Amino acid sequence: MCAYGVALAGDYVFDDVHSVSGNPTVQSLSNFAQFWTDPGAFSGAAARMYRPALLTSFALNIAISPAAWSLKLGNVLIHAAVAGMLFWWLSRLSRRVRASFAIAAIFAVHPLASEAINMVSARSELLSMLGIVVALFAHVSWQRHKANAWPCMMMILGTVVACGSKETGVVLPGLLLVQTFCLRHRVPNGAQWRRALIGIAPVVALVIVYLIARKLLLGEATVQLLGRTGGDPSSGHGRTLLTQLATMGTLLPRMVWQSVVPTHLALDPVVVYRHSFADVSVLMGWGMMLGLTVLGVWPGANARLRRIGTALVWAIALPWIVIPLNMPFAEHRLYGPLVGFAVIAVAIAAPMRRLLARVPRSAVRAAFGLILVLGVAGSASRSWLYQDERELWQEELAHNPGSFRAWWGLGTSRMRKGDMPGAIAPLQQAHSLCPQHHDTLRNLVEALIALPDEHADAITALAMADKLVERSPADPWGRTLKVQAQLQAGRLLGEPQYFVDAEQLAFSCLKIGKAKGYVYQLASYARHGQGDVAGALAHLETSIERGLNTVDVRFDRARLLYELGRQREAQQAIIDLQRDYPTDQRMIGALRHFAKPPK
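This is how it looks when you write it as structure tokens:
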């Protein structure tokens, strides 16, 4: 709490908006069944993932309070649970309580965990590791106590939480097998292997069920690695496997260093893409990782702990090492490997204690206290930035002005705060740095068309909207943004053809997407711009006849009825709306308008 209590003052940032605060599915526990059967519940059709345990945890938090502090508190408590279970597991593995406590305490305040804790959407890392550590701890008890059933139940629970929170959970059976081997002083005999396999069998079965569910719901159990285009290395799908592995050769040593000395932490770390293993830096990086791995599994004192820790680091990191993701290096993904490094650190503690035997115990304790204080200070200061996403991205730009994600994040955070004029410059900078990034272009168009007419640049907005539709012609939302840009151009430039084109483009959305009242609203605005108020009203009435009678469509209809002089119909329409939406300020204002005596 000293290190991460500051997180409760933070706000929703970055991916938190679309996956948590802006995700309607997790706003109610009544959607519990949907969490476990619909991948679209994660963040809509655009980001389908099967993480039911994660969504359930979000819904439980939101049931307490939908405010950001509630979700942040949930993350802090899950991290505390991971640290506690880590201590419990390490003390059982090593039988060294003090060393286990020291390492678990350092893990609890480690600044490298700040991104996973402060980003609500990164809870998947926390929950997945909680499930894995619970299962590994229960497995130790299963191995050492023959007649207990509860460890098996805990392994099953840990597997459900791990796999249900993130795909990385599928590595759990392999980790249990490694731990089975390492817990023995000699190679297990047949009876011991049978007992070990009996305990692991339910975990294997659950992982198979999980993979089958992914296949049925997502169409794939795993991720396709080959056949990627290689056109744009900054995009996961545009990065070949060779580029991915070569680039990782230069990034993994940084991961190790930051796990030991958490310096130069960043929301968007600088990545230089490498395309060949002939690069010296790539060979040196992979050579270093190979050397560290050999040291981790080398026979000798505390080899069992070192091997378990090394296996855990590689098992958790391997998916994002091999799979080309949009961000090849992200701090929140280092949370799991940090647990593996903690296991290795306990193994190193014994020889270190012998080396420090002549050092006064008070000095050792003071050094340990200093490490904790530095960790608390670093974690708290890092968490403080998350209270306002704009400050977070500005801090990022101070260290990395070439980060298009930082410019993009600054622009979108200003948009969410209602500062559309202030959002345009950062979004334009982000688009110039990464012109192929679709979401940046879309957000730029959204900001441009949201400007008041007296400050709008219709030509720029229309040009960006044309580019957006050209890039994604089958996207209805992109077309509606261009419609708004055409309406803006029609109002500012006074050319009726813009309104004609806007009406045609609006109705074209009905051919490529689900019918929505918003489409008829846009068509109504376009017809109104042509001076045909009756035609604009006809579009809205068609929408209502089709059952697309949203509050906005009905309110616009009442407004047009009033404009056409049909005041009684307009007043009745507003009364009906006020009855259905009694707290809507627009209805209250309209009723007050009708209540005024005629001039």
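Each residue of the sequence shown is one higher than the one before, starting from 57 at the first, in the working numbering. Beta carbons: idealized from backbone N, C-alpha and C, even for Gly. Since we're looking at a predicted model, the values are computed, not measured.
| query | result |
| --- | --- |
| Of the residues V575, R250 and L549, which one's Cα is nearest the Cα of H561? | Just to set this straight, residue 561 is Leu in the shown sequence, not His. Among V575, R250 and L549, the Cα nearest to that of L561 belongs to V575. |
| Please give the ranges of any alpha helix (DSSP H) in the stretch 288-322, keeping only runs that are unbroken, at least 4 residues long and fully inside the region. | 297-316 |
| Among S332, V402, S337 and V336, whose alpha-carbon lies nearest the alpha-carbon of T366? | V402 |
| Whole angstroms are fine: how far does the CA of I134 sit from the CA of L374? | 23 Å |
| Pick out the complete alpha helix (DSSP H) segments inside the stretch 124-175, 4 residues or longer, and give them in chain order. | 124-150, 153-165 and 170-174 |
| In chain order, what residues of the same chain lie with their CB nearer than 8 Å to the CB of M141, ignoring the 5 residues before and after it? | L186, V189, V190 and F193 |
| Would V176 be called buried (16 or more neighbouring beta carbons within 10 Å of its own) or exposed? | buried |
| How long is the line joining the alpha carbons of V317 and A359, rounded to whole angstroms? | 24 Å |
| Just reading off the alpha helix (DSSP H) that S469 is part of, what are its end residues? | F460 to R472 |
| Note down, in chain order, each residue of its chain lying with its Cβ closer than 7 Å to the Cβ of R461, except the 5 sequence neighbours on either side. | D324 |
| Under three-state DSSP, which class holds N204? | coil |
| Using the Cβ count rule (16 or more neighbours within 10 Å means buried), how would you classify I505? | buried |
| Apply the 10 Å Cβ neighbour rule to H166 and answer buried if 16 or more other Cβ atoms are within range, or exposed otherwise. | buried |
| Quick one, which of K473, P384, Y391 and S75 has its alpha-carbon nearest P95's? | S75 |
| Is the separation between the beta-carbon of G347 and that of R362 shorter than 7 Å? | no |
| Count the other CB atoms, across all protein chains shown, that sit within 10 Å of the CB of I120; report buried if there are 16 or more and exposed otherwise. | exposed |
| Using the Cα positions of A172 and S147, report the straight-line distance between them to the nearest angstrom. | 25 Å |
| Kindly confirm or deny that the stretch 491-508 and the stretch 521-537 touch, where touching means at least three C-beta pairs closer than 8 Å. | yes |
| Let me know the secondary structure DSSP gives P229 once reduced to three states. | helix |
| To which residues of the same chain is S459 closer than 7 Å at the C-beta, ignoring the five residues directly before and after it? | D324, E452 and L453 |
| Would the stretch 258-270 count as touching the stretch 334-349 if we require 3 or more Cβ pairs under 8 Å? | no |
| Write down the C-beta distance between V327 and F385 rounded to the nearest angstrom, noting that I regard them as a contact closer than 8 Å. | 6 Å |
| Whole beta strand (DSSP E) runs in the stretch 607-644 with 3 or more residues, listed along the chain? | none |
| What is the C-beta distance between L127 and N117, in whole angstroms, given that I count them as a contact (C-beta under 8 Å)? | 5 Å |
| Classify P355 as helix, strand or coil using the three-state DSSP reduction. | coil |
| Measuring alpha carbon to alpha carbon, tell me which residue in M209, M311, T319 and S439 is nearest L129. | S439 |
| Buried or exposed: V138, going by 16 or more other Cβ atoms within 10 Å of its Cβ? | buried |
| Starting from Q560, trace the alpha helix (DSSP H) in both directions and tell me its first and last residue. | P552 to I568 |
| Exposed or buried, what is N204 when buried is set at 16 or more other beta-carbons lying within 10 Å of its beta-carbon? | exposed |
| What's the gap between the Cα of V589 and the Cα of A481? | 37 Å |
| Applying the criterion that 16 or more other CB atoms from any shown protein chain within 10 Å of the CB defines a buried residue, is L411 buried or exposed? | exposed |
| Could you have a look at I379 and say whether DSSP puts it in helix, strand or coil? | coil |
| For D632, count the other beta carbons within 10 Å of its own beta carbon; 16 or more makes it buried, fewer makes it exposed. Which is it? | exposed |
| Look at A97 and T81 and say whether their C-beta atoms are less than 7 Å apart. | yes |
| What did DSSP end up calling L492 once you bin it into helix, strand or coil? | Residue 492 is actually Gln in this sequence, not Leu. Q492 falls in the coil class under three-state DSSP. |
| Is the beta carbon of L394 less than 7 Å from the beta carbon of L168? | yes |
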